[in-house]
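Please read the structure below before turning to the comments.
Protein chains: 2
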Amino acid sequence: MVENDKQTEEKIFESATAVFIDKGMDGARMQDIADHAGINKSLLHYYYRTKERLFNAVFEKIAGQLFRRFAPVLDEKLSLEEKIRFFFREHITFLQKNPGLPSFFLNEINRNPAMIKKFIRHIDINKLWTTLEAQHKEELKKYNITRETVPQFMTSIAAMSVFPFAGRVLIASIMEKMGYDFDDYIEKRKEYAADFVISAIKK
Amino acid sequence: MVENDKQTEEKIFESATAVFIDKGMDGARMQDIADHAGINKSLLHYYYRTKERLFNAVFEKIAGQLFRRFAPVLDEKLSLEEKIRFFFREHITFLQKNPGLPSFFLNEINRNPAMIKKFIRHIDINKLWTTLEAQHKEELKKYNITRETVPQFMTSIAAMSVFPFAGRVLIASIMEKMGYDFDDYIEKRKEYAADFVISAIKK
DNA sequence: GTCTATAGAAGGATAGAC
DNA sequence: GTCTATCCTTCTATAGAC
Chain A
6 MVENDKQTEE
16 KIFESATAVF
26 IDKGMDGARM
36 QDIADHAGIN
46 KSLLHYYYRT
56 KERLFNAVFE
66 KIAGQLFRRF
76 APVLDEKLSL
86 EEKIRFFFRE
96 HITFLQKNPG
106 LPSFFLNEIN
116 RNPAMIKKFI
126 RHIDINKLWT
136 TLEAQHKEEL
146 KKYNITRETV
156 PQFMTSIAAM
166 SVFPFAGRVL
176 IASIMEKMGY
186 DFDDYIEKRK
196 EYAADFVISA
206 IKK
Chain B
6 MVENDKQTEE
16 KIFESATAVF
26 IDKGMDGARM
36 QDIADHAGIN
46 KSLLHYYYRT
56 KERLFNAVFE
66 KIAGQLFRRF
76 APVLDEKLSL
86 EEKIRFFFRE
96 HITFLQKNPG
106 LPSFFLNEIN
116 RNPAMIKKFI
126 RHIDINKLWT
136 TLEAQHKEEL
146 KKYNITRETV
156 PQFMTSIAAM
166 SVFPFAGRVL
176 IASIMEKMGY
186 DFDDYIEKRK
196 EYAADFVISA
206 IKK
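Right, dumping it as structure tokens:
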């Protein structure tokens, strides 16, 4: 039955996503995924042939999700400052719903750098920069964001939203020990990060 | 021979460190470590009994290295701004020599949160905050760094120096594609990050 | 202390029945 | 399409000779 096929294949994919994010490629067991999906181990091979193919399917989906999030901000008709606010609000909200993605993604990339080529096409930073420059020539000049400093600027933005999630287990532990609430910290970070970055470039 | 014991045990430890950082706990093979050390696989068990014990030894050393780096800045007789500059210079220089540590550390923590308890004693942030408050009461007030916002502030500092290394394979790839040099970017980041943070809190 | 040989377990993958 | 049974490889760990 086609209906059942779809259900099973999707269930496998979702279970694989959960298990791979939790354990990583090396730590994940096909048995774990089968158990999570409530099906037999050999069905995984029936639908995806090998562990590697299953992993690649999951990884590509996640990579796409992560990077498609960076582009839409450019389409908005907003000032540069408003775009910074918009980005942090959207991106951190997305990560709140998917807190395990940054750590999973960065780690798998480090373990297997060859995988970058598969999705680096999703990212055309030269185009992103050209667009940004066309939209905000005056503001960029005012803030001293040039072709020289744009990597510093962009990675600082990414760092401000991604790092709290990449290190969330550690950060949450330390905060708990000190009487802070991690979820509250994240919620407030949407505004804090925007203020922080805007102040930083205003000088 | 005691001389030989020490040499072999150290060689194993160093090889294990290299392999674990590269492959992670789950991806590392005892055979890889033995090959790297140029010795027989069973010698690993002779000195460390199990893979887990060997890993724990490596992990604890690395965790110590990473966190002891945060404290000395407090001993210096410097203004808050100078301390921020001092920290980025020292910490990024350390990470230049050990670029794989952040990714390895954060990932293993996420995979096995229970490990945090083993070294969270290295970190007494309440004491750190009390010291900082005593040393820079006026400046902290001026910059609006309070007990409320200190987690935001501290994680932003950490993010600015750690994130470029945690995501270095990805960042370096994108930069190479765009004609930037990663090492140059990192070298310049020591100053950029300090300027960025100081401007951010000055408002 | 270091090696060879191998036990014992686990995991990925396949064959074949239904 | 889904299951049971099982193969084959890989990996950790140990036994035992030197």
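Chains as they are written, first to last, in our numbering: chain A, 6 to 208; chain B, 6 to 208.
We put the beta carbon where it would ideally sit given N, CA and C, even for glycine.
Predicted model, so just to flag it, every value in this text is computed and none were measured.
Taking 7 Å as the cut-off, the beta carbon of LEU59 (chain B) is found no closer than this to the beta carbon of ALA33 (chain B).
Excluding residues up to 5 positions away in sequence, nothing lies with its Cβ nearer than 6 Å to the Cβ of VAL174 (chain B) in the same chain. The DSSP-derived three-state label of SER84 (chain B) is coil.
If you draw a 10 Å sphere on the C-beta of GLY69 (chain B), you find fewer than 16 other C-beta atoms in it, and that means exposed. Counted as a single uninterrupted DSSP element, the stretch harbouring PRO118 (chain A) is not any alpha helix (DSSP H), since DSSP gives it neither H nor E. Separation of the CB atoms of SER166 (chain A) and ALA198 (chain A) is rounded to 6 Å, and the pair is thereby assigned contact status at 8 Å. Burial check for GLU113 (chain B): the Cβ neighbour count within 10 Å reaches 16 or more, so the residue is buried. Taking 4 residues as the shortest admissible run, the stretch 13–47 of chain A contains the following complete alpha helix (DSSP H) segments, listed from N- to C-terminal end: 35–42. With a minimum length of 4 residues, the unbroken runs of alpha helix (DSSP H) contained wholly in the stretch 110–164 of chain B fall at 121–124, 130–140 and 142–147.
Your pair LEU48 (chain B) and MET35 (chain B) does not check out as a contact, with CB atoms roughly 10 Å apart and the cut at 8 Å.
Neighbourhood of MET165 (chain B) in chain A, by CB distance below 7 Å: SER161 and ALA164, in chain order. Interface flag for ASP31 (chain B) against chain A is set, since a Cβ pair is found closer than 7 Å. Listed along the chain, the chain A residues whose CB falls inside 8 Å of the CB of PHE168 (chain B) are THR160, ALA163, ALA164, VAL167, PHE168 and ALA171.
The beta carbon of VAL174 (chain B) falls within 7 Å of a beta carbon belonging to chain A, placing the residue at that interface. With 16 or more other Cβ atoms inside 10 Å of its own Cβ, GLY29 (chain B) counts as buried. For chain B, the residues of the stretch 111–122 of chain A that bring a beta carbon within less than 8 Å of one of its beta carbons are LEU111, ASN112, ILE114, ASN115, ARG116, PRO118 and ILE121, in chain order. For ASP189 (chain B), the secondary structure class from DSSP, reduced to helix, strand or coil, is helix. With respect to chain B, the C-beta atom of PHE92 (chain A) has no partner C-beta closer than 7 Å. Looking from the CA of SER161 (chain B), the closest CA among A:LYS208, A:TYR185, A:ARG90 and A:GLY172 belongs to A:GLY172. Under the Cβ distance rule, TYR190 (chain A) counts among the residues neighbouring chain B, one pair being separated by less than 7 Å. A distance below 6 Å between beta-carbons, with the five flanking residues on each side excluded, links PHE187 (chain B) to the following residues of its chain, in chain order: ALA177 and MET180. Straight through space, the alpha carbons of GLU57 (chain A) and ILE17 (chain A) are spaced by roughly 14 Å.
Straight through space, the alpha carbons of LYS88 (chain A) and GLU81 (chain A) are spaced by roughly 8 Å. Below 8 Å, too few C-beta pairs join the stretch 88–100 of chain A and the stretch 150–158 of chain A to call them touching: fewer than three.
The contact set of MET180 (chain A) on chain B, defined by CB atoms closer than 7 Å, consists of PRO156 in chain order. Neighbours of SER204 (chain B) across chain A, judged by C-beta separation under 8 Å: SER204, ALA205, ILE206, LYS207 and LYS208. Rounded to the nearest whole angstrom, the CA to CA distance from LYS132 (chain A) to LEU83 (chain A) is 18 Å. The continuous alpha helix (DSSP H) containing VAL63 (chain A) extends over residues 56–73.
Counting only the Cα atoms, PHE75 (chain B) lies some 18 Å from GLU196 (chain B). Within chain B, SER161 and ALA205 have C-beta atoms less than 7 Å from the C-beta of PHE201 (chain A), given in sequence order. Listed in chain order, the positions of the stretch 26–50 of chain A with a beta carbon within less than 9 Å of a beta carbon of chain B are ASP27, LYS28, GLY29, MET30, ASP31, GLY32 and ALA33. Within the same chain, VAL155 come within 7 Å of TRP134 (chain B) by CB-CB distance, once the 5 residues on both sides are set aside. The continuous alpha helix (DSSP H) containing VAL174 (chain B) extends over residues 173–183.
Of B:ILE97, B:ILE125 and B:SER108, the smallest CA-CA separation from ASP189 (chain B) is found for B:ILE97.
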